[in-house]
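Novice: Residues -20 to -1, 1 to 523 in mature numbering (1 follows the signal peptide of the UniProt record, and there is no 0) are what the sequence shown lists, from first letter to last.
Ideal Cβ positions, reconstructed from N, Cα and C, are used throughout, including at glycine.
First the structure, then my questions, so here it is.
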Amino acid sequence: MVFPTVLLKLLDWLLYHLLANSCHRGERKMRNHGFFSKNPSLKSPPQPPPYPNLTKCGDLEGRVSQTLVCDIQNTLLANSQSFFPYFMLVAFEGGSIIRALLLLLSFPILFLLDYELKLRAMVFITFCGLKVKDMEGISRAVLPKFYLENLNPKVYEVWASTGNRVVFTSVPRVMVEGFLKEYLGVGDVVGTELHTVRQYFTGLVCGPGLVVKHRAIKEFFGEKKPDVGIGSSSPRDHLFLSLCKEAYVVNSTEDNNIKAGANSAIMPREKYPKPLVFHDGRLAFLPTPFATLSMFMWLPPGIILAIFRLFVGIFLPYKMAIFLGTLSGVRIRVKGLNHSGTEGGKKGHVLYVCTHRTLLDPVFLSTSLGKPLTAVTYSLSKMSEFIAPIRTVRLTRDRKQDGETMRRMLSDLVVCPEGTTCREPYLLRFSSLFAELTDEIVPVAMNTEVTMFYGTTASGLKCLDPIFFLMNPRPIYYIQVLGKVPRELTCAGGKSSFEVANYIQRQLGDALGFECTNLTRKDKYMMLAGNEGVVLQDKRRRP
């Protein structure tokens, strides 16, 4: 009975505000954009902001003891005048494609609403009926990547110089708190609270409503004033900036011009406050309204194209598969095929050691080499095994048993010692088991590029991973076959299996320009999915 009552109250509230107020708000927006001004001289000249631009903040030394307050929207995040893309990420990744479509269809109406109504409407569409647990996963595994990619370097420079930071924002706290505390070291986050019933969001905000920043600052600090305040050039931020001892604004117009002309307004990866090694989710782009519309228009032909590419790879000979795959938009960049390892080695006993980007790594390697390979897998879905065009052997994570299995299959065998995929330019720690099998080892550096969908997931349906990768309009696979590892650098030459694994990891990292790490499969799944990424059957087999 709770949900129908809540829904009726919301509809009553929307009917009053939407029908009574939307028309003159839309007219006012069109007038502000100049639709009714035939004479440009009739437009009022833009007023200079009452506070200096952030570029005027010169000396950053000696601010460790100071407290900084700001918002995440239009301040910490560049080009975030609308939080729509981040709501779309929650709707698509945490909800469903139907919820994402509803949010997209609401965009023309949202454009006519004022800030508060727009935010309330997006909150309802995005969160109504969404599990609290699902939102926690999205805030931990999906949103940080897009926040980091849009972090304003100018604001972060001042931000990092202060010792205590507090964020006040009207967007839902659950959407930003995890990122702010985990990556930016925020002490406190004051954001809009959402109403929940039995671990489900109702889509409504809690009693006080949307956070009003100047009121929230007064309640949080009392009579004490924060040392530094950073806000946008919007008049909405001027009131809360007046409560700060030192105040600056981020001029969105100037930042947009900089970003359009160069990449200097984008935070470089090497300057991220914390390395982004793992992230989850299917979308490989920031879902702005236009980008999301393009995705939905692409879905029908994309699914057909993915099925076509899948059948080409399964049923056709290698050369024909490459030809038709290339015609369909799949691009394969191959280097070093003359170092495939068959020359001067034991024929049929070559072990290919690959970096792991998607489940299709062994398939693309087999197609590029033009010969059948055998791939060893962990926890591969039955569907992926069924549609695989090459032979797959399931391992158990029992070191002794897996070693015996791979020795029996040691005939053009492909292994991915990382044990799981990684999307970012990092290599996870290599398992050393492969180094004990043979001294005929050929490292293969593999990488991918996608523009729409990621072909990996930690919390979603793994059986759809190949489909999503092949749905990209023009996916790219980079394959570089390195020279066979010299015998003196293998276990047969006196090296330990750990030394061999670390050497090959560094060799592949240098070839790709990736950073080697000690992170493992367990680290990835604990961060992204809250578990060790091991199926129950595997756990029962472990000693």
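Hey, how far is the Cα of A121 from the Cα of F72?
Specialist: One C-alpha to the other measures close to 14 Å.
Novice: Taking one C-beta from the segment 427 to 439 and one from the segment 447 to 466 each time, how about it: are there three or more such pairs within less than 8 Å?
Specialist: These segments touch.
Novice: Which same chain residues, not among the five before or five after K225, have their C-beta less than 6 Å away from its C-beta?
Specialist: Answer for K225: K205, D207, listed in chain order.
Novice: What residue from V333, F201, H194, G202 has the CA that sits closest to H218's CA?
Specialist: For the residues V333, F201, H194, G202, the minimum Cα distance to H218 belongs to H194.
Novice: Jot down the residue ranges of each uninterrupted alpha helix (DSSP H) in the segment 269 to 345, minimum 4 residues, whole runs only, in chain order.
Specialist: Correct list: 269 to 295, 298 to 307.
Novice: Does DSSP put C496 in a helix, a strand or coil?
Specialist: Looking at C496 - three-state DSSP - the assignment turns out to be strand.
Novice: In angstroms, rounded to a whole number, what distance separates the CA positions of V356 and V394?
Specialist: Whole-angstrom Cα-Cα distance: 7 Å.
Novice: Would a C-beta distance cut-off of 9 Å place A425 and L462 closer than the cut-off?
Specialist: It is a contact, given that the beta carbons lie within the stated cut-off.
Novice: Return the chain-ordered list of same chain residues with a C-beta closer than 8 Å to the C-beta of Q179, the five sequence neighbours on each side being excluded.
Specialist: Once the five neighbours on either side are set aside, the close Cβ partners of Q179 are K111, V112, K113.
Novice: How would you write the range of the beta strand (DSSP E) that P423 sits in, first residue to last?
Specialist: Its beta strand (DSSP E) spans residues 421 to 429.
Novice: Beta-carbon separation of P397 and I484 under 9 Å?
Specialist: Yes, these two residues count as a Cβ contact at 9 Å.
Novice: F270 to T376, Cα distance in whole Å?
Specialist: Straight-line Cα distance between these residues: approximately 45 Å.
Novice: Tell me K111's beta-bridge partners as DSSP assigns them.
Specialist: Its beta-bridge partners are Y180.
Novice: Less than 8 Å between the CB atoms is what I'm expecting for S150 and N54, so what's the real figure, rounded?
Specialist: Actually they are not in contact, since the Cβ atoms of S150 and N54 sit about 11 Å apart, beyond 8 Å.
Novice: Just how far apart, CA to CA, sit L40 and L263?
Specialist: About 37 Å.
Novice: Work out the CA separation of E365 and F87 for me, nearest whole Å.
Specialist: Approximately 41 Å between the Cα atoms of the pair.
Novice: Starting from Q381, follow the alpha helix (DSSP H) in both directions and report where the run begins and ends.
Specialist: Segment 379 to 388, the alpha helix (DSSP H) holding Q381.
Novice: Between the C-alpha atoms of M506 and R454, what's the straight-line distance to the nearest angstrom?
Specialist: So the alpha carbons of these two residues sit roughly 32 Å apart.
Novice: Check whether the Cβ atoms of Y382 and L413 sit closer than 9 Å, and answer yes or no.
Specialist: Residue 382 is actually Asp in this sequence, not Tyr. Yes.
Novice: Here's the rule I'm using: 16 or more other beta-carbon atoms within 10 Å means buried, otherwise exposed. How should T354 be labelled?
Specialist: Its Cβ being crowded by 16 or more others within 10 Å, T354 is buried.
Novice: Can you give me the start and stop residues for the alpha helix (DSSP H) that G399 sits inside?
Specialist: Note, G399: premise wrong, no alpha helix (DSSP H); not H, not E.
Novice: Does I197 pass the burial test, meaning 16 or more other C-beta atoms within 10 Å, or should it be called exposed?
Specialist: So I197 counts as buried.
Novice: Report back the beta-carbon spacing between F159 and L508 to the nearest angstrom; my notes put them in contact at under 8 Å.
Specialist: That pair is no contact at about 14 Å.
Novice: Checking 9 Å against the spacing of the C-beta atoms, do P133 and I210 come in under that value?
Specialist: Against a cut-off of 9 Å, the Cβ pair of I210 and P133 comes out as no contact.
Novice: Taking the DSSP output, what are the residues bridged to I210?
Specialist: I210 is bridged to C50, Y228.
Novice: Taking 9 Å as the threshold (C-beta atoms), are R216 and P405 in contact?
Specialist: Contact flag unset, no.
Novice: So is E7 buried or exposed if we call it buried at 16+ other beta carbons inside 10 Å?
Specialist: A caution first: E7 carries a pLDDT of 47, below 50, which makes its placement in the model unreliable, though a value can still be read off. By the 10 Å Cβ count, E7 comes out exposed.
Novice: If we ignore side chains and look at the alpha-carbon of each, how far apart do R43 and A368 end up?
Specialist: So the alpha carbons of these two residues sit roughly 58 Å apart.
Novice: Would you tell me roughly how many angstroms separate the C-alpha atoms of G261 and M115, rounded to the nearest one?
Specialist: Using only the alpha carbons, I get a separation of about 12 Å.
Novice: Under a three-way DSSP split, which group does V356 fall into?
Specialist: Strand.
Novice: Going straight from the alpha carbon of V229 to that of D341, what length do you get?
Specialist: Those two C-alpha atoms are separated by around 48 Å.
Novice: Using a Cβ-Cβ cut-off of 6 Å (strictly less than) and excluding sequence neighbours within five positions of P423, which residues of its own chain qualify?
Specialist: Same-chain partners within the cutoff: V333, L462, I484, Q487, L488.
Novice: Considering only residues of the same chain and omitting the five flanking positions on each side of R313, which have a CB-CB separation below 6 Å?
Specialist: For R313, where only same-chain residues beyond five positions count, the Cβ hits under 6 Å are Y458.
Novice: Could you tell me the alpha carbon to alpha carbon distance between E137 and E162, rounded to whole angstroms?
Specialist: Distance between the alpha carbons of E137 and E162 is about 18 Å.
Novice: Give me the Cα-Cα distance between S141 and V135, rounded to the nearest whole angstrom.
Specialist: If I take the Cα positions, the gap works out to 10 Å.
Novice: If I'm right that D419 touches R388 with Cβ under 8 Å, what's the distance once you round it to whole angstroms?
Specialist: In fact, because the Cβ distance is near 18 Å, the residues do not count as touching under 8 Å.
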